[in-house]
Each structure stands twice: as structure tokens, then as C-alpha cells.
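Okay, so here's the structure we're looking at.
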Amino acid sequence: MVTRPARPPCCPARSTAARAPAPPAPIKWKAIRKDHLANETENYSDIAYNYGACPHGHLLEGRGLGKRTGANGDQELNRAHYAICGLVGSEGLTKPTEAMLGAVRDGIELLRRHGAGKEIKGHRDGFATQCPGEHLYAWVRKGAPRPGGSPTVPGPRPVIDLSKVIAAALHDPDRAGTPVSYPGVRTVEKALVAEGLLAARYADGHFGGATVKAYSDWQHRCGFSGTDADGIPGQVSLDRLGEAHGFDVRP
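Residues in the sequence shown are numbered from 1 upward in steps of one, following UniProt numbering.
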């Protein structure tokens, strides 16, 4: 999810001799982190964002990979989406530079290389806010293309091992807690979330009862019934899910 900070960004649109130079992006990024840690209402454990992008094109690490964001407005959105903050504001620098857009795109591609999904949203798509501002949001609505018209080379499609998904569906529901027996389950669960069959909070890699029910609903949607729609993935139904959501299936 693409967002912007609550306060004006680190860099003005341009500098003049009469204006003090903007602080370097890492210094401002640390200042945002300090503000977040001082916020007793939100009780943040770190800066809220996973990454930030400054006007000069630097990608700034926040919570980083594999960590739940605190920036998206509610717990379900925080569980389901990473957050990349473009350092624009409601005054001063309100329009992202091409370098900033490139840095946001770098962040998106980094997250995808480590398991994030295809969806790109603006903060306002899931929460009542004007964030991330009109200019940045318009770019997000276009699919967040890399500036300059250079196409993004897609990475390899995830490959899901059907036998391991079946094993997880058979054994995970009876296990205490929410253990993850096969990481590829999360890719399947995210596809079920995108289909509207599974709540985002259950896309955690554990093939529990909620995922079994959601997968059964997917099998019914594919035209199966009875024991062929028992929530245990099969080759045909998983292939169809992969075709719709960008992964391949290995028997």
C-alpha cells in the first residue's frame, strides 16, 4: 500500500540561496521514526512504514521485509499489505519526483521478490483518508509504472508444490496454534483472499479450518461438488487458481 507521511516531506520542491538546504533523507527518516515512537496513542514499536521513498530516489528501510506494517489504518489492512511511504505532503512538495516514483517501484519489486503479491493500492483504497495525495494516487491507479517508460521485467512466477499443499490441508487444521508446514500455502491463501473467499487475517501460511472452507468454496466455484469439493486442493482447481493469480503448480 502506497502512503505519505502526516507531516510535510524531507525535501522542498527546489531550494534557493535564501532557504536552508533540506536535511538529508536518512536524517528526516529517523525523525519520522522518532515521532512514531513518541506517539503514545498508537504505541508504535518502530517507524510505521516498511519502506520510504525520498524525492532524490533513495529507498529508505523502515520495518523492512517480513514485518507487519503499522501504517495502513487498521489491523486487517496491516496484516494484508506492506506500506511504502512516498515523502510528499499536503503542502510544500506535493507532487512526487520521477526519482521518488522509481524508488517506490524499487520497493515494490523488492517486496515481490520476497513473496509479496501483485496488488498495489493507495492508502485511501482501504481507509478513509486523502493519503497518498492526488498526484501519487493517480500514479498508483495506473499500476505504479516505472518512470521513463522502461518496462519492468517480471520476476519468475512462484511454483507451488501440490503434494505439500495437500499435506498441509490434511494435517495443519489439527495442529495446535497456527504452524506453517509449507510456506507456499500463503500464496494459495492470498489468491483465495483476492477471490473474496478468505478473510485477509487468515492468509498466514497455516492451512487451517478457515482456509479449508475457503478452498472448498473455490472448488464449488470451479464446478466441483461432494467429495471433490472437500477443501483439499486438487490439480485442476489449483491450476485454475494459479492461472488467475500468477503462480504455477508442480504435481
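We put the CB at the ideal spot given by N, CA and C, even for glycine. Computed from a predicted model, the values in this text were never measured in an experiment.
Determine the DSSP secondary structure at residue i, reduced to helix, strand or coil.
i, result
"R141", "helix"
"I160", "strand"
"A203", "coil"
"G122", "strand"
"V165", "helix"
"R250", "strand"
"R175", "coil"
"H245", "helix"
"P21", "With a pLDDT of 35 at P21, under the threshold of 50, the predicted position of this residue should be treated as unreliable, and no value is reported."
Using a Cβ-Cβ cut-off of 7 Å (strictly less than) and excluding sequence neighbours within five positions of residue i, which residues of its own chain qualify?
i, result
"H245", "A191 and A194"
"L117", "First, the residue type needs correcting, since residue 117 is Gly and not Leu in the sequence shown. Here the set comprises K190."
"N50", "G62, R63, G64, K67, T69, Y82, A83 and I84"
"E243", "none"
Compute the Euclidean distance between the alpha carbons of residue i and residue j, then round it to the nearest angstrom.
i, j, result
"E42", "P132", "20 Å"
"H123", "P158", "27 Å"
"R186", "R146", "27 Å"
"E98", "P55", "8 Å"
"L93", "N72", "22 Å"
"P21", "K28", "Confidence is the limiting factor: at P21 the pLDDT is only 35, short of 50, which leaves the residue's position unreliable, though a coordinate-based value still follows. Whole-angstrom Cα-Cα distance: 12 Å."
"P23", "A31", "In this predicted model, P23 has a pLDDT of only 46, less than 50, meaning its place in the structure is not dependable enough to derive any value."
"G231", "K121", "30 Å"
"I166", "D172", "10 Å"
"L241", "A138", "30 Å"
"L198", "L77", "14 Å"
"V188", "G89", "37 Å"
"D204", "S181", "11 Å"
"P96", "Y202", "35 Å"
Please list, in chain order, all residues of the same chain as residue i whose beta carbon is under 8 Å from its beta carbon, the five residues on each side excluded.
i, result
"Q235", "L162, V249 and P251"
"L238", "I160, L162, V165, V188 and V249"
Within 7 Å: the Cβ of residue i and any heavy atom of the ligand PLP?
i, result
"T187", "Looking for the ligand PLP in the displayed structure turns up nothing, as the structure carries no ligands at all."
Whole runs of the beta strand (DSSP E) within the segment 26 to 103, excluding any shorter than 3 residues
Fully enclosed beta strand (DSSP E) runs of 3 or longer: 51 to 53, 59 to 61 and 84 to 86.
What runs of the beta strand (DSSP E), each 3 residues or longer, lie entirely inside the segment 186 to 235?
Listed in chain order, there is nothing to give.
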